[in-house]
Structures are given as structure tokens and as C-alpha cells.
DNA sequence: CCATAATGGAACACTGTTGTTCCAGAATGG
DNA sequence: CCATTCTGGAACAACAGTGTTCCATTATGG
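Residue numbers (the UniProt record's numbering), protein chains in the order written: chain R, 1 to 185; chain L, 1 to 185.
Here it is as C-alpha cells:
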């Protein structure tokens, strides 16, 4: 009985989330009316799915967390040298698009990492890079993590403003991240 | 007659601007009441100096432009190699503090440079670096400029969140900018 | 075809911000 | 000491965003 009903609900919900990502990434101060309009949905309907603004933000956070985890899995961060793993991670994260802006501007806060804290798995990754000589030992893990995010955000906003190709922009990001973290000479 | 009067006015005005930099850098959506409170000034007084919110933003933009120009002059961007000049520029800009956040988040837009456009003097600087071999020729000037800003913002937010020393943070910024822009191998 | 679910519009109260006016008190220069 | 200036609090209307309720309309499964 709930087959197509539930399907419809899920689809509407997803449409709202997708629109929210897009709208809030461009303008963090956008109103719920803007989000509803972008999702082609009445404001009433939006409130039916997400009673309060905070409910929407929580849902966005969960969605973001899930996608980040998927990207990390795809990047196989446990393989190869530290730098190579970071390079793959960079590529996977880059495809997340609007998510980057939201997370970077801390519109949507991830629960497991307060600002100034580094993910454990990422810290391990950097340590591996320190050990195998592909990441400068002078750079702390938390710094490398911040650097990665800032470069991804840079790439994404570059893509939006300048009319550069996605491919070329990704190349620049990878090039600069690699140069920034590898040991000098 | 207007000696101390004008002095007082200038002092109040400056206090408001300083507070606005600080408050808006931390929270771009801060209300005028917040700014007034931070400046230890009644909201009425704030409106007396800056009738509308936009007037305050214009004043902030002018102040920012002036300080940026001063920093650029101090950095003597016409001397040395391209990379060395960028390094000095980085050092000078880094000291601008809250200004960085505001400019980077585009709360305050500079008039002479629309997003996606590169300052002429900066483009020349990068070209010089391309020619003297200290900046990778694969990196376009506009990208280097964006990179510089994103790294400065990174450094500044790192300073706020992590409890790192100003000196150490600047070292990390300079280290990573240099690594990012110099030619590989 | 019909009952149920989903939707969107209209209207409402509530809140916080903005910009304004008015006035009384404090500070300052002469 | 007095006149001028600067200040800040109170009160106000206007406005935008939020969250809610109610109702009519549209789909959809059975």
C-alpha cells in the first residue's frame, strides 16, 4: 500500500534536500521560501517534511556525512603512499560539488569533528605520508586537513566564477595540493 | 572650534569601523545592534554615523582598500623574483587579520575587481615569476591570486580555531604557498 | 470510482532587524 | 558657567522570515 506513496515522499524529500544544497551553497542566508521555490515545492510542503529550519540542516548534515563516507571509501585511503591517497581523496571530494561550500563555510557542522579537531583516519593517513616521505613532516595533520578543504573550496568557487573546465580546475587543485604538502627538495 | 569635536567624531567613527570588522568577520550575519554593542556605542549613534547598513559596508570597503594598498606598498611587489615578492605580500596581508575573512567571504566587495578578475599589478607579478622560473607557468595569474587568498584565509581561521601561534601559522602558510606555486622538480 | 494521501495557497501571529524620531543627560570648548 | 555638540535610551512603524492552521485541489492505489 505504501509502495508508490513512500516512493513519492522519498522523492519529494530528496528534491528538497538537493535544492537546499544548491541554494544554501550559493547563499547561506537564503530563506526557506527560496529553498522551496528551487525545489519546485510549496513552502507548506517543505515545512511538512522539515518542521523547522534546524531539521533541514540536520538532514543536510546527515546526507553530507553519508556522501563524504562514500567518497572516502571510493578513494581507498588505506592504499599506496600518503600523498597518493590524498590525491585520490581530493579527486573524490571534488566531485561532491555544492557540498564543499556548505561544509567549508560551516553552514552544516559535522557532528564527529568539532573545528580544530582532525579525523582519526585522516591523521593516520598523514602519518603514513610522513613516514613514507611523501608528506612534509613539518606539516601537522590538522593543517593538511584544513589545507585540503580550503583548496577544494578554492577549486569549486573558481569553477563557479571563472569559466574554467571542471577537468582543468581539478588539475590545478591536485597540482597545488601536491606541491604544498610534499617535502621541499 | 572643530578641533576636539572633529577628533571625537573621528575616534567614534573608527571605533565603529574596528568593531564592525571584528564582529562581521566572525559572523557575517551579525546585526547592527551587535556591531554597536561591540563598539560600546548606542545603536542610535551608529545610525548617526552610518545611516544605513550599506553605508557601513561602503566605509568598510574603503578602509579595507586603503589597508590593502598600504600592505602592497610595504611588500615592494616590484622587487626580487616573483615568488619572493609573493612571499612578502603574503606576510603583509597576513597581518591584516579580520580583513581577510571579510574580503574572502565577499562580505565586502572591492570595487576594482569583480570576482573572476585579476588585479593588473598582480598579473604582472605572476608573469614575472613565470619568466624568472620561480612560479610554475602552468598556473594562471587568477588562480595564483585565488590561491593566495584562500591560503591566507586558511591561516587566519586556523589561528582562530586551533591554538597555534601567529608566527608558526604564518610559517605554514608561507611554506605551503611557496610549495604550491613553484615549478615541480 | 472512491477513499486516502500529498500538495500548495492563503491567512495568521510572532520574532528579530532596520531605520526613524524625540528627548534628556553628559561632555566639551570658549 | 553657558552654549554647543555628542550621546544613548525609548518608542515607533515597516519589513522579512518563520512556523502554524485550515482548506481546496490533485493524484494515486485499490
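Cβ atoms here follow ideal geometry from the backbone N, Cα and C, with glycine treated the same way. Quantities reported herein were computed from a predicted structural model and do not represent experimental measurements.
For residue i, which residues of its own chain have a beta-carbon under 6 Å away from its beta-carbon, when the five flanking residues on both sides are left out?
i                      : result
residue 7 of chain L   : none
residue 128 of chain L : 82
residue 50 of chain L  : 56
residue 25 of chain R  : 98, 101 and 102
So, is residue i buried or exposed, given that buried needs 16 or more other C-beta atoms within 10 angstroms?
i                      : result
residue 33 of chain L  : exposed
residue 73 of chain L  : exposed
residue 9 of chain L   : exposed
residue 70 of chain L  : exposed
residue 169 of chain R : buried
residue 14 of chain L  : exposed
residue 152 of chain R : buried
residue 44 of chain L  : exposed
Using a threshold of 8 Å, state whether the C-beta atoms of residue i and residue j are closer than that.
i                      : j                      : result
residue 99 of chain R  : residue 53 of chain R  : no
residue 65 of chain R  : residue 96 of chain R  : no
residue 135 of chain R : residue 82 of chain R  : yes
residue 16 of chain R  : residue 39 of chain R  : yes
residue 156 of chain R : residue 101 of chain R : yes
residue 75 of chain L  : residue 92 of chain L  : yes
Report the neighbours of residue i on chain L: residues whose CB is nearer than 9 Å to its CB, in chain order.
i                      : result
residue 207 of chain R : Because residue 207 of chain R is not part of the residues shown, which for chain R are 1 to 185, the question remains open.
Tell me which residues share the same chain as residue i and place their Cβ nearer than 7 Å to its Cβ, disregarding the 5 neighbours each side in the sequence.
i                      : result
residue 123 of chain R : 141
residue 164 of chain R : 158
residue 187 of chain R : Residue 187 of chain R is absent from the model: chain R starts at 1 and stops at 185.
residue 57 of chain L  : 108
residue 59 of chain L  : 17 and 50
residue 3 of chain L   : Residue placement at residue 3 of chain L cannot be trusted, given a pLDDT of 48 that sits under 50; what the coordinates show is reported in the next sentence. No residues qualify anywhere along the chain.
residue 139 of chain R : 181
residue 23 of chain L  : 30, 34, 35 and 38
For the candidate residues the options, whose alpha-carbon lies nearest to that of residue i?
i                      : options                       : result
residue 171 of chain L : L/65, L/77 and L/154          : L/154
residue 89 of chain L  : L/63, L/60 and L/144          : L/144
residue 161 of chain R : L/60, L/117, L/48 and L/76    : L/117
residue 86 of chain L  : L/183, L/185, L/184 and L/174 : L/174
residue 166 of chain L : L/11, L/94 and L/182          : L/94
residue 103 of chain L : L/126, L/11 and L/21          : L/21
residue 130 of chain L : L/147, L/181 and L/120        : L/181
residue 78 of chain L  : L/41, L/48, L/46 and L/126    : L/126
residue 80 of chain L  : L/119, L/121, L/132 and L/120 : L/132
residue 47 of chain L  : L/12, L/24 and L/28           : L/12
residue 119 of chain R : R/41, R/146 and R/27          : R/146
So which residues on chain R does residue i lean against when the C-beta distance must stay under 9 Å?
i                      : result
residue 172 of chain L : 138, 139, 140, 143 and 147
Name the chain R residues that come within less than 8 Å of residue i, Cβ to Cβ?
i                      : result
residue 150 of chain L : 150, 151, 153 and 154
residue 94 of chain L  : Per Cβ cutoff of 8 Å: no residues; residue 94 of chain L is ~15 Å from chain R at best.
residue 21 of chain L  : Correct list: empty, because the minimum Cβ distance to chain R is about 19 Å.
Residues in the same chain with beta-carbon distance under 8 Å from residue i, minus the five sequence neighbours each way, listed in chain order, please.
i                      : result
residue 184 of chain L : 136
residue 84 of chain R  : 134
residue 1 of chain L   : Confidence is the limiting factor: at residue 1 of chain L the pLDDT is only 42, short of 50, which leaves the residue's position unreliable, though a coordinate-based value still follows. Nothing listed; no residue qualifies.
residue 176 of chain L : 151
residue 42 of chain R  : 36
residue 121 of chain R : 72 and 77
In chain L, what lies closer than 7 Å to residue i by C-beta?
i                     : result
residue 29 of chain R : 29
Under 8 Å between beta-carbons, which chain L residues line up against residue i? List them in chain order, please.
i                      : result
residue 122 of chain R : Going along chain L, no residue has its Cβ under 8 Å from residue 122 of chain R, so there is no contact; the nearest lies around 15 Å.
For residue i, which residues in chain R fall below 7 Å Cβ to Cβ?
i                      : result
residue 188 of chain L : Residue 188 of chain L lies beyond the range of chain L shown here (1 to 185); nothing can be said about it.
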